[in-house]
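Position 29 (the sequence shown) corresponds to 31 in our numbering; numbering is contiguous.
Glycine included, each C-beta is placed from N, C-alpha and C at the ideal position.
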Amino acid sequence: MSRHFLVALLGVSLLAGCSPTIRYPHLIGPGPAPIQRANAEAFDPYPLQDLGPEIVGGRPRDFAVPVDPVRRANQYNESRAAAAAGTAIPVGAPLAPT
3 MSRHFLVALL GVSLLAGCSP TIRYPHLIGP GPAPIQRANA EAFDPYPLQD LGPEIVGGRP
63 RDFAVPVDPV RRANQYNESR AAAAAGTAIP VGAPLAPT
């Protein structure tokens with residue numbers, strides 16, 4: 003087999019089945035501090051105290067108060083809606099043809 007075919011096959015196999023909500027790794031680094039802060043504010047990667055035992059020192063000082071459960075649920079629903087974009091979900095019984 004040719005080398006180009008093997009590279010293409012490897013690339014396709016690595017990307018097959020990836021969800022659009024999965025973030026790709028940063029091979030160069032996590033980026034500058036403002037970008038890291040914005041990502042942490044949007045996704046809150048630190049351990050939550052209401053899901054298990056408290057982890058002392060698990061959250062930085064600036065993120066001592068986690069996102070409230072209502073906002074966290076809305077973020078989850080928004081991410082699920084983004085993942086299902088383009089797929090129509092039927093609501094109710096189908097209508098009879100007219």
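- With respect to the 8 Å criterion, D46 and V69 are classified as neighbours on the basis of their beta carbons.
- For the options V72, R5, I30, the alpha carbon positioned closest to that of D52 is the one of V72.
- Residue state for I30 is assigned as coil, using DSSP reduced to three classes.
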